[in-house]
Amino acid sequence: MDIGRRFGSFSSKQTHGTGDQSVIKSVDIQTRLRELHHSFSNVELEDIWTGSEFAVMYKLPIPDGSGHADGNNGRYTVSLFISAAGERFDMQVIGMDRNPLLLEAIDTKKMYNIQYGYSKTGWQVAQTTVSMLKSLNALARERKRTFRVVLDSAVPHVKAAMILDSQGDQRTFFVYDHLQIYFLPPNFKVLRFHPCHLGVIQAFKACFRSEMLETLFNNYRHGVKSQDPYGFRPQRHLHTRNVFHWLYVALYSLDKQLIQSCWVHSGLLPTQVIASLNLRAILSSNGVDESSVNVIPVTSSGSGSDSNAADVNLLNKVASNGDPGLKTTTQGGLLPSALLYRDLQQQLTNIAQLAPDFLRWIGVSDPRNAQAYAEIEGNALVTDPGIDEILIIRGVLQKHGYLSTKKFDDESHVEGSYETFRDVAEELCPEHDEVMTSIGILKTYLRLTRDTLPSCVETIVQLNKVKKAVDAVAYRETVIRDV
């Protein structure tokens, strides 16, 4: 390894006179792309990874009887890691409660594929980033591989890399056991170039909202049918265990081809790697007409040359959102919002026709705009910005006794805004006979329906497995009771 390549700085290029700063930033981005292409040129798809975090608000601002919104909004910071092969890693969920009461005695990694982290702000910080990178490293060590991990230059990411490798450099890369950690320049536009932000996060949020909406609406209908004297209180169903389950379903709903498509659109992969992908299969799985696909290489516009640098590939395609005659042209090869939020939009439309007041009760302001509902968090902060001048001044004042602060212990957290068992609505698990009846109805429908449904036989096989597992649990419970 060339030690000299391990050192440098994104800001090493200096302008002379009244040079245009934006030109220098543009050159830095293109230079970094060529460097990444060179580093990834002979790397397998399953060894190239990236990660990013985003906010998920699960308690929306719900108006009360007077029209004022409830300010007690629950949110988590969610971190996803995906590979260029379309693989998903365990997600990380960061909250403000160090030990959530409803997660006691629950192994969140085993039950939900979630690594729970804590920070005072609920944002991603250096220590939570270190924890996630170490977990990814454990996977690489288990496979006896070296993962190349690309991250943006958020403060917690850089701090974590420095903790893991004090000799590394942001301009080149850091090394930790089976990981090589690369950083994108600070001026790199993640919404344009980062794979996670080119459809993966949007698809994740759409599925999360859909699962959340379905659970709430089912409980609402059950309350109406049973004439629940307490009425429907959506907040009591928005507890940690339900939220983690919805996140878990959203993670496993991410499609391999969608993830690979976002990697291709990002421009982070060299042409040698892209050539190994079946682009037509990727696009057709996302509802794209294969006959309309064109792969157009775009030469990097940065100065200098690199014989090993690859072109940045963008896909221009036409995608149908499933409605006859309706075509949506994508820009830069990105999936249109009509595709990403299609199922959620249909769900909102159906519920709005059946129970319009229900959507207002759970905080949906416009049922016609699924994207706004899915991305209600907006540009909420998700990473700790680091030490700034205000914190430094505050620290000096505290040190010399000019500013006092009240310290809270862990017990005081429980009495704050954190949830307790009183906040959780009681939901009864269906009995064995009810489950078996439901499975039987589904199998009968799949056997007799004239509708064209994909994977009918595979679905029946999976239902048989569920039936067998439920029977086994019921048998064990019967044996225990008899003993």
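Residues 1 to 483 in UniProt numbering are what the sequence shown lists, from first letter to last.
Each residue gets a CB set at the ideal place from its N, CA and C atoms; glycine is no exception.
As the structure is a prediction and not an experimental result, all values here were calculated from the model.
- Counting every other CB atom within 10 Å of its CB across the protein chains shown gives Ala203 a total of 16 or more, marking it as buried.
- Fewer than three Cβ pairs drawn from the stretch 377 to 386 and the stretch 351 to 369 lie within less than 8 Å of each other, which leaves the two stretches out of contact.
- Each residue's CA atom was taken as its position, placing Asn42 and Glu477 some 54 Å apart.
- As DSSP reads the structure, Ser83 sits in a beta bridge with Trp49.
- When C-alpha distances from Gly86 are compared across Leu442, Asn278, Ser455 and Leu339, the shortest belongs to Asn278.
- Inter-residue distance for Val149 and Phe208 is about 26 Å (C-alpha atoms, whole angstroms).
- Between Gln127 and Gln92 the beta-carbon gap is near 12 Å, outside 8 Å, which marks them as no contact.
- When the five nearest sequence neighbours on each side are left out, the beta carbons in the same chain lying within less than 8 Å of the beta carbon of Ser153 are those of Phe10, Gln170, Phe183, Leu184, Pro185, Pro186 and Phe188, in order along the chain.
- Put simply, of Gly122, Tyr445 and His237 the residue whose alpha carbon is nearest the alpha carbon of Leu213 is His237.
- Straight across, the Cα-Cα distance linking Ala84 with Gln180 is about 15 Å.
- Within the same chain, and ignoring the five residues on either side of Ala206 in sequence, the residues whose Cβ sits closer than 8 Å to its Cβ are Leu340, Tyr341, Asp343, Leu344, Ala370 and Ala374.
- Rounded to whole angstroms, Leu139 and Glu53 show a C-alpha spacing of 20 Å.
- A contact is defined here as three or more CB-CB pairs under 8 Å, and the stretch 101 to 116 fails this definition with respect to the stretch 259 to 272.
- In this chain, Gln347 is not harboured by any beta strand (DSSP E); it is covered by the alpha helix (DSSP H) spanning Arg342 to Leu354.
- Here Phe358 carries a helix assignment [DSSP, helix/strand/coil].
- Around the beta-carbon of Thr77, 16 or more other beta-carbon atoms lie within 10 Å, marking it buried.
- Membership of Gln115 in the beta strand (DSSP E) is indicated by the continuous run Ile114 to Tyr118.
- If you check the CB distance, Val175 and Leu254 do not come in under 8 Å.
- Counting along the chain, Ile106 sits inside no alpha helix (DSSP H), nor does DSSP assign it H or E at all.
- For Met91, the secondary structure class from DSSP, reduced to helix, strand or coil, is strand.
- Per DSSP, reduced to three states, the secondary structure at Gln170 is coil, with no helix or strand assignment.
- In the displayed model, Val43 falls within coil according to three-state DSSP, outside both helix and strand.
- Arg221 and Ala352 have their C-alpha atoms roughly 14 Å apart.
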